[in-house]
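Peer 1:
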Amino acid sequence: MSSDGVTITLDRIYEQVLATKDIAAKLVEKVDAIEKRDSDHETRIRALERKVWMALGGGTALGGAAGALATAILGG
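Counting along the sequence shown from 1, when you hit position 42 you're at 41 in numbering that gives the first Met the number 0, and nothing is skipped either side.
1. In angstroms, rounded to a whole number, what distance separates the CA positions of T42 and V51?
2. Using the C-alpha atoms, what's the distance from R45 back to A65?
3. Is G56 helix, strand or coil by DSSP?
4. Using only the alpha-carbon positions, how far apart do K25 and G62 sit?
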């Protein structure tokens, strides 16, 4: 009985291990870049949210002051 199998040499296995190592290193770099980008987005979003809340607070204060002024002027 003849068995025609595939022969894989240690050299071929070593080449594949090195190729896999290179691919893994590139993936790590991409993940690091994505994490940095996401961190930058979070920082920018928080800054925008802070500005929105400050604007809402300022608008509320101005509205209250305008109401008090109108009441004082109109004699309410």
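Virtual Cβ for every residue (Gly too), placed ideally from N, Cα, C.
Peer 2: If we stick to the structure as given:
1. 14 Å
2. Near 30 Å, if we compare the C-alpha coordinates of R45 and A65.
3. helix
4. 55 Å
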